[in-house]
Structures are given as structure tokens and as C-alpha cells.
Amino acid sequence: MGLQLIPHDTKIDFVGKRFIAFAISIALTIAALGTFFLRGLNYGIDFVGGYVLEVRTTEKADLTDMRKKISDLNIGEVSLQEFGSAQDVLIRIPSAEGNEQTRAASLARVKEALGASVEIRRTETIGPKVGKELVENAIYAVVLSLLAILAYIWARFEWPFAICGVIALVHDCIILLGFYSACHFLEFNTNAVVSFLLTASYSIHDTVVVYDRIRENMKKLNATAFPEIVNMSMNETLSRTILTTATTLLALLALCLFGGEVISEFSLPLLVGFSFGSVSSVCLSSPLLLYTKAGVKRQEPAK
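The opening position of the sequence shown corresponds to residue 1 in my numbering, with each subsequent residue numbered one higher.
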């Protein structure tokens, strides 16, 4: 017998409490957009340009010591990560302000700080033009993924389901954008784009499960008012949603706490994005169907 956290006869009035969920979602969305427009994002060198150094040490690389040496130069936020073996390190350095000579001098200071024992195996320069192209490609990737999800849900269900599902996804992405803006210690780089895409895919996965149950109950309970069907479906899938979300978030929490700096910077936004994605699939995407589901009785639940 499987684990059943939520009793089968649970009757939580999600539909009746939908306005509370809507109000919280609107407030969080406004706060996230306000934070983004006021503070902006801490763009990584993928977007603003800079240098990428591939170095090799004679022994196992001490990332903490190397990071301190470079940070003492006050040249901006520096990212270090192991690259292949424990002796190979990939160093990302933001582009220094000024002309080409100034930037070259900054790069020379970094090489000097690392010491003669560190072998510089490769040096790459990411110019502002490349950074601009990456920003545009990142926007295209997120927008096209949302359109693809819209088309998929439209084809599998009906257009009202697709519209409500994408509204919830946009809400989740805006919340994640606000999180990146509020937490400036997190770089907004190509990993951030992956976080947005993973959040969207996880959120729509939960939403599709609820939508499937709504469609099944619509066929079985044709005479039942649509708000009651939505409420019943959300309660029937609640145990599955909680179990799936809890196991996923526990794994992400472990990565945040014990995965090291590089992994934590990637898993923390996922932890936030997946949390809001699970909540929105229950409290946002399904109740919104009451306002878009054409051809179905829209009798309001008793209050």
C-alpha cells in the first residue's frame, strides 16, 4: 500500500479561496517586477563580457585560496570552478572598464596574483557584442519554450487550459526573475537561463497532472458544476503533488547545503522556482479555468 499523506476524502476549498491565492500571486509579481526594475540583475561575463582563463596547478587546486588572491585585486565578481580534473580550474573574470590597455593590465595582474606555479593553458575574451547576442538568444529561448508549451497544452487539451497554464508559467518565471534581482550574489548567466527553462518544465508537468484529472472528471461527472469538478480534481491530485514536490525539493536542498559554491548557485534558484511552480499549478492555473473554460457551466461554489 502506497504512502497516502492526504486522505482520499479531503475537501479543501481551493476554488472558494482562489481570490486569496490570486491576491498573493499579484502582490509577489508586482514585488518581483519592482525589484527587477529598481535593482536590475547581476549579469555574469556571459552577458557583459570578460575573460575566461583555463589554468592548471601542480597539485589539487585550492579554489578558496585562488579566489581570495583574485578578489583582493578588486576587479569585480570572479567565478572559479573545477574543469575536468582536480588540477584544472576555469576562471571567469568580468571585463575591466576602460580601454584595451587597461583591460590587458587587469588580466596581467590576475596572472601575477596566481603565481608562476599556475600554468595558464587558455585565455578567451568575451566581447560585449557576444554578450548582447547571448542576451537575445536567452530571451528567444524562454519565449519560444513558453510558446511550445502553449501549443502542446492546446493540442492535448483545449485553448482555455493552454492559456491558464502559460499564465502560471509566466508568473513563475517573473518570481524567479525577481529572486535573481533581489539576490545579487547570484550571477545571471547561462545557468540562469537553464533555471528558467527547468522551472517552466517542472511547473507545467504538475499542471498537466491536474488538468488530466479535471478532464477525466468532466467526462464522468457531466452534470456536476465545473467549479466543483476543479475543486475535486485538485484535492484528488494533492497527495501526488506534495510527494513529488517534497522529494524534489529535498534533493535540491541537499545540493544547496552540501554541493559547494558552484552547485549551490545553480540549485538555489531551482529550489525557489520549483517551489513556486508547484504552488502555482494548484492555486493558480486550475482556478483560472473558471474564467476561460468555454462551453461549461460556471456555477459558483456556495460560500
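Where is the CB? At the ideal position from N, CA and C, for every residue including glycine.
Have a look at the DSSP bridge pairing and note the partners of residue i.
i, result
"residue 304", "Residue coverage of the chain in this structure runs from 1 to 303, which leaves residue 304 outside it and unanswerable."
"residue 94", "50"
"residue 188", "43"
With H, G and I counted as helix, E and B as strand and the rest as coil, what does DSSP make of residue i?
i, result
"residue 302", "Residue placement at residue 302 is poorly supported in this model, since its pLDDT is 43, which falls under 50; the coordinates are not used for a value here."
"residue 79", "strand"
"residue 125", "strand"
"residue 203", "helix"
"residue 1", "With a pLDDT of only 45 at residue 1, under the threshold of 50, the placement of this residue in the model should not be trusted; the figure read from the coordinates follows. It is coil, neither helix nor strand."
"residue 15", "coil"
"residue 60", "coil"
"residue 183", "coil"
"residue 223", "coil"
"residue 216", "helix"
"residue 235", "helix"
Since residue i and residue j are thought to touch, with beta carbons under 8 Å apart, how far apart are those beta carbons, to the nearest angstrom?
i, j, result
"residue 117", "residue 64", "Not a contact, Cβ separation roughly 17 Å."
"residue 14", "residue 287", "7 Å"
"residue 144", "residue 272", "The Cβ separation is near 23 Å, so there is no contact."
"residue 285", "residue 183", "The pair is not a contact, with the Cβ atoms about 26 Å apart (cut-off 8 Å)."
"residue 235", "residue 11", "6 Å"
"residue 255", "residue 199", "Not a contact, Cβ separation roughly 15 Å."
"residue 290", "residue 230", "7 Å"
"residue 138", "residue 48", "No, residue 138 and residue 48 are not in contact; Cβ-Cβ is about 13 Å, not under 8 Å."
"residue 253", "residue 275", "In fact, because the Cβ distance is near 10 Å, the residues do not count as touching under 8 Å."
Can you say whether residue i is buried or exposed, counting buried as having 16 or more other CB atoms within 10 angstroms of its CB?
i, result
"residue 260", "exposed"
"residue 119", "exposed"
"residue 171", "buried"
"residue 214", "buried"
"residue 153", "buried"
"residue 189", "buried"
"residue 115", "exposed"
"residue 161", "buried"
"residue 140", "exposed"
"residue 204", "buried"
"residue 263", "exposed"
"residue 148", "exposed"
Which residues in the same chain have their Cβ closer than 8 Å to the Cβ of residue i, if we skip the five residues on either side of it in sequence?
i, result
"residue 87", "56, 57, 58, 59, 60 and 61"
"residue 78", "67, 70, 71, 91, 92, 93 and 94"
"residue 241", "206, 209, 210, 278, 281 and 282"
"residue 195", "176, 266, 269, 270 and 273"
"residue 39", "181, 182 and 184"
If you drop the 5 nearest sequence neighbours on each side, which residues of the same chain put their C-beta closer than 6 Å to that of residue i?
i, result
"residue 187", "42 and 44"
"residue 122", "54"
"residue 258", "none"
"residue 124", "52"
"residue 46", "134, 189 and 190"
For residue i, I'd like the list of residues in its chain whose CB is within less than 7 Å of its CB, leaving aside the five on either flank, ordered along the chain.
i, result
"residue 304", "This structure leaves residue 304 out entirely; the chain is present only between 1 and 303."
"residue 32", "174, 175, 177 and 178"
"residue 35", "178, 181 and 182"
"residue 113", "69, 70 and 73"
"residue 218", "229"
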